[in-house]
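Worksheet: one structure, shown below.
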Amino acid sequence: MFRCLSIVFALISAPVLAQTPEYVGSKECIACHEDVAENWATSHHALAWNAPDQATVLADFDGTRFEHKGVVTEFRQDAQGYFAKTTEADGVKTDRKLHSVVGVEPLQQYLFETEKGRLQSADVVWDTEKEEWFHLYPDQDLPPEDGLHWTGPYKNWNARCAECHATNYKRNYGPRSKSYSSTQLETGVGCESCHGPGSSHIEWTLGKVPAENLDPFGFNMSFSGGNAETEIQQCAGCHSRREAQLDGNPIPGTPYADSYALALLRPGLYHADGQILDEVYVYGSFLQSKMYSKGVGCTNCHEPHGAGLKAEGNAVCTQCHSEAGNPGFSSLPLYDYDTPDHHRHSEDSEGAQCKSCHMIERTYMGVDGRRDHSFRVPRPDLGAETGGPDACTDCHQDQGQDWAADKIANWFPNPKNRQPHFGQVFARARLNPGIEAPKLRDIALDVNQAGIVRATALSMLEPSASEPLAATVAPLLSDPDPLLRAGAASLQRGAPLKTRVERLLPVLQDPMRSVRIAAAKQFLGADTGTLSRSQQAGIDEGMQDWQQSLRTRLDFPETHLVFGGMALTMRNAQAAEQAFSEVVDMDPQRAEAWPMLVRLAHINRGPDAARVVLERGLSVVPGHPELLRLQQELR
130 MFRCLSIVFA LISAPVLAQT PEYVGSKECI ACHEDVAENW ATSHHALAWN APDQATVLAD
190 FDGTRFEHKG VVTEFRQDAQ GYFAKTTEAD GVKTDRKLHS VVGVEPLQQY LFETEKGRLQ
250 SADVVWDTEK EEWFHLYPDQ DLPPEDGLHW TGPYKNWNAR CAECHATNYK RNYGPRSKSY
310 SSTQLETGVG CESCHGPGSS HIEWTLGKVP AENLDPFGFN MSFSGGNAET EIQQCAGCHS
370 RREAQLDGNP IPGTPYADSY ALALLRPGLY HADGQILDEV YVYGSFLQSK MYSKGVGCTN
430 CHEPHGAGLK AEGNAVCTQC HSEAGNPGFS SLPLYDYDTP DHHRHSEDSE GAQCKSCHMI
490 ERTYMGVDGR RDHSFRVPRP DLGAETGGPD ACTDCHQDQG QDWAADKIAN WFPNPKNRQP
550 HFGQVFARAR LNPGIEAPKL RDIALDVNQA GIVRATALSM LEPSASEPLA ATVAPLLSDP
610 DPLLRAGAAS LQRGAPLKTR VERLLPVLQD PMRSVRIAAA KQFLGADTGT LSRSQQAGID
670 EGMQDWQQSL RTRLDFPETH LVFGGMALTM RNAQAAEQAF SEVVDMDPQR AEAWPMLVRL
730 AHINRGPDAA RVVLERGLSV VPGHPELLRL QQELR
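Sequential numbering from 130 applies to the sequence shown in the numbering used here.
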């Protein structure tokens, strides 16, 4: 009560805040929302990133020791804090103070400041269940100069992780100094990470009517209207495999496709049938599900503040999938699924759990189990064609997929759930996309397929881009799904320039940044000298969108690979050499950059310079076939 009064008096005595809301911090919310705040305070969101102290550090720093492939790390604690002393395989020692801790279970990670402002996530982490240290990548044996070493660019916290573990985070990377001045309102996922800046909401509690661009309670992100898509997109910003196109956290309520480019069902990330393979989180899987297509949102199953499930076990599913049903989802058949007649397993067994059959689990980061959110019917009958796993043989590892397919066919003779699957086409197309182009086109145009599936088909058609194909997919440039608009834009490279301009100029004004960037890419290297000034201006604006997005990721070696490719397309050998030099400076093991750098050194500065670069490259990636071939040429 006194906390609420202090807020009121402070606002009465302060000047009126601007109509654009400002961040105020989670502490300002707690006084009036005590029940919600109590639930949130112990959640994985609140504990996503914290300063180290006796309450937050779960690992044993009391003189413990961990050895991995000749590298020894010794942990200690004293009055000054927590420390990790590492002796590398070559004998070099470093002693670093613990900066902060990440997460609470089933593992906890530890961050160290290797340079002022630069935070790195150590590979040695704490298993909170076994209460022991372990290495996230036990098969790796990397020296400190390797880009994949925990001190390298891919384990950099500022660039790769922090935006999903902090509130109002800005990376603030300085490309010239190659340093970070990162800021955040608070560590951990606070109230305003989801609801947006809270100053106008506090004003609303005092009787001030919110601005028109805000919801009735003063937020720019509203969860009060029951809009599942708005809620999903807000959660997806962190719970997805994606490429960020802004620096740090977008304002909550910003559409997903205006802030991120979602990773499609690519090899290495997903199996051909869309099942999870690498750590892709949730969004890309959920977009494939029937639940998503029927309007189910994250908070239908998950409690938003405690971040746990709304019910235990099968009860989270039977709140809808039952004889009683759910009036919010009237298309569901009324049926008792939680019985042996359906799941065909002993009651209370692991096999009787809905998630065991419909949400296959994979373990990432050593001990962290993640479930596939595509909620699919098990299809062991597809395994031979797609190479994908199935829930049946995941448990019955002594049996094969043919056995599992026969079991399901006997249990459920109706073949409605054993129809042809996009995964069959994708599996063949991954080997030879040209041969499967007609079927990929059919999938891309099939409105009964999920948007991410159709967009993946479009991306697989890019090597087959042609004038007829560009015309066929052109109607998708105005599709409601930004994934399809972006995918269709990428195939317009097959159209003549005049037609490409006519189709893509409106797309360059798309409300979603990811779509505008996809359209802009189709003009890279094009001869635009015959275009009108207005057409050229539209293309230039799109290119600026793309370049601005790239500039927010100048601490990524991958970004400089893109810049190098752009420079080569524009026949700017000096800019290309500079870009590829940045790549190998950040990550010397990026083998694909070295041969290009040798050729560019030869073009720009002659054979002697090329030999110097070649020698440096071979010292880092010895035996690289392309470098060895160039070595013969330069002799």
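Each residue gets a CB set at the ideal place from its N, CA and C atoms; glycine is no exception.
{"Check": "Stretch pair the segment 614 to 623 + the segment 638 to 657: three plus CB contacts closer than 8 Å", "Outcome": "yes"}
{"Check": "For D832, three-class secondary structure by DSSP", "Outcome": "Nothing about residue 832 can be read from this structure; the chain reaches only from 130 to 764."}
{"Check": "S588 beta carbon less than 7 Å from that of L393", "Outcome": "yes"}
{"Check": "Pairwise C-alpha distance: S388 and T681", "Outcome": "12 Å"}
{"Check": "Boundaries (first-last residue) of the beta strand (DSSP E) holding Q238", "Outcome": "L236 to E244"}
{"Check": "Per-residue burial, R501 [other beta carbons within 10 Å of its own, 16 or more giving buried]", "Outcome": "The amino acid at residue 501 is misidentified as Arg; the sequence shows Asp. Buried is the call here."}
{"Check": "Backbone CA spacing between I136 and P379 [nearest angstrom]", "Outcome": "Only weak support exists for where I136 lies, its pLDDT of 34 falling under 50; the value from the coordinates is given anyway. Each residue's alpha carbon lies about 27 Å from the other."}
{"Check": "Helix, strand or coil at A177 according to DSSP, with G and I counted as helix", "Outcome": "coil"}
{"Check": "The segment 552 to 564 / the segment 498 to 514 touching (three or more Cβ pairs under 8 Å)", "Outcome": "yes"}
{"Check": "Own chain, CB closer than 6 Å to R132, minus 5 neighbours either side, in chain order", "Outcome": "In this prediction, R132 scores a pLDDT of 40, lower than 50, which makes its location untrustworthy; the coordinate-derived value is nonetheless stated afterwards. Cβ within range, chain order: A160."}
{"Check": "Expected contact under 8 Å - CB spacing of S475 and A520 to nearest Å", "Outcome": "That belief does not hold up - the Cβ atoms of S475 and A520 are roughly 16 Å apart, past 8 Å."}
{"Check": "Close beta carbons around A481, own chain, < 6 Å, minus the five adjacent residues each side", "Outcome": "H472 and H474"}
{"Check": "R758 (DSSP reduced to helix, strand or coil)", "Outcome": "helix"}
{"Check": "Endpoints, beta strand (DSSP E) assigned at T202", "Outcome": "V200 to D207"}
{"Check": "Three-way DSSP call (helix, strand, coil) for G317 in this model", "Outcome": "coil"}
{"Check": "Option in T202, E217 and K423 with minimal Cα separation from R194", "Outcome": "T202"}
{"Check": "Inter-residue Cα distance where the pair is A730 and Q664", "Outcome": "36 Å"}
{"Check": "The segment 342 to 361 / the segment 316 to 329 touching (three or more Cβ pairs under 8 Å)", "Outcome": "yes"}
{"Check": "L726 beta carbon less than 7 Å from that of V114", "Outcome": "Only positions 130 to 764 of the chain appear in the structure, and residue 114 is not among them; the question remains open."}
{"Check": "N577 burial status per 10 Å Cβ neighbour count (16 or more: buried)", "Outcome": "exposed"}
{"Check": "Exposure label - M699; buried when at least 16 CB within 10 Å", "Outcome": "exposed"}
{"Check": "Proximity of L271 and L277 at Cβ, strictly below 7 Å", "Outcome": "yes"}
{"Check": "7 Å Cβ cutoff met for Q313 and N297", "Outcome": "yes"}
{"Check": "S678 burial status per 10 Å Cβ neighbour count (16 or more: buried)", "Outcome": "buried"}
{"Check": "Nearest to A365 (by Cα), restricted to the options D376, P381, G355 and S351", "Outcome": "P381"}
{"Check": "Own chain, CB closer than 6 Å to D531, minus 5 neighbours either side, in chain order", "Outcome": "none"}
{"Check": "DSSP three-state assignment for N577, whether helix, strand or coil", "Outcome": "coil"}
{"Check": "For G623, three-class secondary structure by DSSP", "Outcome": "helix"}
{"Check": "Option nearest M494 by Cα separation, candidates R745, W255, V186 and V165", "Outcome": "W255"}
{"Check": "Rounded C-alpha distance that separates A603 from D674", "Outcome": "22 Å"}
{"Check": "Within-7 Å CB hit, A615 to chain D", "Outcome": "Although the question refers to chain D, the structure presented lacks it and comprises just one protein chain."}
{"Check": "Opening and closing residue of the beta strand (DSSP E) in which R719 lies", "Outcome": "No beta strand (DSSP E) holds R719; DSSP gives it neither H nor E."}
{"Check": "Exposure of D716, with buried meaning 16 or more beta-carbon neighbours within 10 Å", "Outcome": "buried"}
{"Check": "Outcome for K198 when other beta-carbon atoms lying within 10 angstroms are tallied against a minimum of 16", "Outcome": "exposed"}
{"Check": "Option in G246, E244 and H228 with minimal Cα separation from Q238", "Outcome": "H228"}
{"Check": "Nearest neighbour of R395, chosen from R225, G336, G563 and A586 [CA to CA]", "Outcome": "A586"}
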